[in-house]
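S.K.: If you scroll down you'll find the structure; I have some questions about it.
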Amino acid sequence: MVLEIAQIEVKAGHEAAFEAGVAQAAELFRRAKGCRSMELQRSVEIPTRYRLMVQWETLENHTVDFRESADFQAWRALVSEHFTAPPQVEHTVLAVQGF
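Each residue of the sequence shown is one higher than the last, beginning at 30 in my numbering.
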């Protein structure tokens, strides 16, 4: 399992519209090959900062299958107008399961 973590900074005043766009996009992720889960977290300290976390079966499910799909273009169309800059994306794998 690979966890995609995308840090997204949105324009002040766009928070509700951005969240609505992400909610709309949930179905795009749900049907993506290898996508196991998707959630959006909002920073308490910096309310315009979000972290989108998506679990993929493989790295390629995200970087190839999803990013090269029409659904990726639809995802970006729903949310990109709210970005202050392109998201910072990294991928992680579980190193230690505490409990």
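A virtual CB, placed ideally from N, CA and C, is assigned to each residue, including glycine. Remember, predicted model here, so these are calculated numbers, not experimental data.
Identify every residue that forms a DSSP beta bridge with residue 95.
M.R.: Its beta-bridge partners do not exist; DSSP assigns none.
S.K.: What are the partner residues of residue 82, as DSSP defines its beta bridges?
M.R.: In the DSSP output, where bridge partners are listed per residue, residue 82 has 34 and 68.
S.K.: So, for residue 122: in the same chain, excluding its five sequence neighbours on each side, which residues have a beta-carbon less than 8 Å away from its beta-carbon?
M.R.: Taken in chain order, the residues that qualify are 30, 31 and 32.
S.K.: Using a Cβ-Cβ cutoff of less than 7 Å, which residues in the same chain neighbour residue 87 once the five nearest sequence positions on both sides are dropped?
M.R.: If we look at residue 87 and ignore the five residues flanking it on each side, its Cβ neighbours are 31 and 63.
S.K.: Note down the Cα distance separating residue 45 from residue 93, rounded to an integer number of angstroms.
M.R.: Whole-angstrom Cα-Cα distance: 30 Å.
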